[in-house]
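Chains as they are written, first to last, in our numbering: chain A, 104 to 307; chain B, 104 to 307.
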């Protein structure tokens, strides 16, 4: 009961700093992060949106890019605006699901975000993703093959509906063990504090 | 140059805790808040929206109400969900503009938010607003009359376009003296810190 679920989509901008920060922030509180990749496309589609709301609402998009730049500067990590945006994170998400939840999935996911948002790489490119797998200690061929199997494809296909059933509408979203949701990179600490409180109550 | 502009709309949910917190957070840093009431309706209209995005996107709306409840609990202030939502804040915004920026406008604005979000009052009701004026030490008759004059009406009518020219797309938005924007109640501290840094540079 000491886990906080991290629901993330590889194209999601604020999921980049969120992914980099999550485990380091959780560890001192004795909390673990569960890595829950999903896709926002089907959720946006249900709202009648064909692309990111940051593209549909130019003023909000311009703000987000500037805010993300500030956020990354404060965090001391590089930032490059991906082009095109949003990127297609389907294969990356399948690979993440093909890796065991924990260190392997976390390291891979962080590295995909860094490729995209620090180095401007195209994360729909299988070669780029193979490099990320290798650099995070995985067997790129084996993981790529497993990512294309029906159980993985089906798991990712089911993820958006599961997210919606929890009330999730965007990324990053933190979900505590009692089902509370905290939306946004800047709500990580609130989510960890909430889970910490729950755990304290349970062990009294 | 030690001011932070607080752009707020009376129907905006997160502007309620923002309005209550702003001056208390700014004072220890020697910063002042400039109260800039505006209307989101025309900005939403430009996006093709007929109501609040929290109504247009039910999952996001449900999250917001729960999150606002948590935010108010953490702040130690009462919370009642307004019905209907969003409220019509036109008259309240005109009255705010009819009051001098500073203590008078701040006290009135905080009291309007408290009526709406703590007590569930209808803030389009002139009688409710007259009571708020009286309880914050104003001459309700005089302010109500001034609120209906062309200069005040024109000033409020011009406010959304001015906000848009700054890149503002929602409320609350904090704007520092160099034009940086910080969107959301939870970005108040970031905005104050940014302005504090600017002032420090200027006085060196």
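C-beta: ideal position from N, C-alpha, C; glycine also.
DSSP places residue 231 (chain A) in the uninterrupted alpha helix (DSSP H) bounded by 229-238.
The segment 291-299 of chain A makes contact with the segment 269-279 of chain A; the number of CB pairs closer than 8 Å reaches 3 or more. Following the DSSP letters along the chain, one finds residue 276 (chain A) inside the beta strand (DSSP E) bounded by residues 276-278. Within the segment 241-272 of chain B, there are no complete beta strand (DSSP E) runs of at least 3 residues. Bounds of any beta strand (DSSP E) do not take in residue 184 (chain B), whose DSSP letter is neither H nor E. Residue 107 (chain B) is bridged by DSSP to B:136. Across the structure, residue 262 (chain B) and residue 139 (chain B) are spaced so that their CA atoms are roughly 8 Å apart. Look at the beta carbons and you see the segment 213-230 of chain A touching the segment 122-130 of chain A: at least three pairs across the two are nearer than 8 Å. In this structure, the CA atom of residue 195 (chain B) is about 20 Å from the CA atom of residue 272 (chain B).
In the three-state reduction of the DSSP assignment, residue 113 (chain A) falls in the coil class.
Burial check for residue 268 (chain A): the Cβ neighbour count within 10 Å stays below 16, so the residue is exposed. In the three-state DSSP reduction, residue 286 (chain B) falls in the strand class (E or B). Secondary structure at residue 217 (chain A): helix, using DSSP grouped into helix, strand and coil. With the criterion set as a beta carbon lying under 7 Å from some beta carbon of chain A, the members of the segment 141-173 of chain B are 150, 160, 162, 163, 165 and 166, in sequence order. Ranked by Cα distance from residue 199 (chain A), the first of A:213, A:155 and A:222 is A:213. The closest CA to that of residue 118 (chain B), considering only B:204, B:303, B:301 and B:286, is found on B:286. Spatial neighbours of residue 281 (chain B) in its own chain (CB-CB distance under 7 Å, excluding positions within 5 residues in sequence) are listed in chain order as 301. Linking residue 166 (chain A) to residue 237 (chain A) through their CA atoms gives a straight-line distance of about 35 Å.
If you draw a straight line from the Cα of residue 291 (chain A) to the Cα of residue 136 (chain A), it comes to about 11 Å. Taking C-beta separations shorter than 8 Å and ignoring five residues to either side along the sequence, the partners of residue 224 (chain A) in its chain run 218 and 231, following chain order. Here residue 298 (chain B) carries a helix assignment [DSSP, helix/strand/coil].
Between the alpha carbons of residue 255 (chain A) and residue 197 (chain A) lies a gap of roughly 6 Å. Taking a beta-carbon distance threshold of 7 Å, residue 301 (chain A) does not count as an interface residue toward chain B. Take residue 258 (chain A), set aside five residues on each side of it, and the residues of its chain with a beta-carbon closer than 8 Å to its own are 200, in chain order. Under the DSSP assignment, residue 158 (chain B) falls in the alpha helix (DSSP H) whose first and last residues are 156-159. A residue is called buried once 16 or more other Cβ atoms fall within 10 Å of its Cβ, and residue 190 (chain B) is buried on that count. The alpha carbon of residue 243 (chain B) has as its nearest neighbour, out of B:173, B:251, B:249 and B:233, the alpha carbon of B:233. DSSP, reduced to helix, strand and coil, places residue 123 (chain B) within a helical segment of the structure shown. Shown in chain order are the members of the segment 265-277 of chain A whose Cβ falls below 8 Å from a Cβ of chain B: 267, 270, 271, 272 and 273. Using a Cβ-Cβ cut-off of 8 Å, residue 286 (chain B) is close to 166 and 170 of chain A, given in chain order. Judged by DSSP in its simplified three-state form, residue 225 (chain A) adopts coil rather than helix or strand. Residues of chain B with a Cβ closer than 7 Å to the Cβ of residue 289 (chain A) are, in chain order, 289. The continuous alpha helix (DSSP H) containing residue 200 (chain A) extends over residues 193-201. With contacts defined as CB atoms closer than 7 Å, residue 176 (chain B) and residue 221 (chain B) fail to qualify as a contacting pair. Here residue 107 (chain A) is near residue 134 (chain A), since their CB atoms are less than 7 Å apart.
If you ignore the 5 residues before and after residue 145 (chain A), its C-beta comes within less than 7 Å of the C-beta of 263, all in its own chain and listed in chain order.
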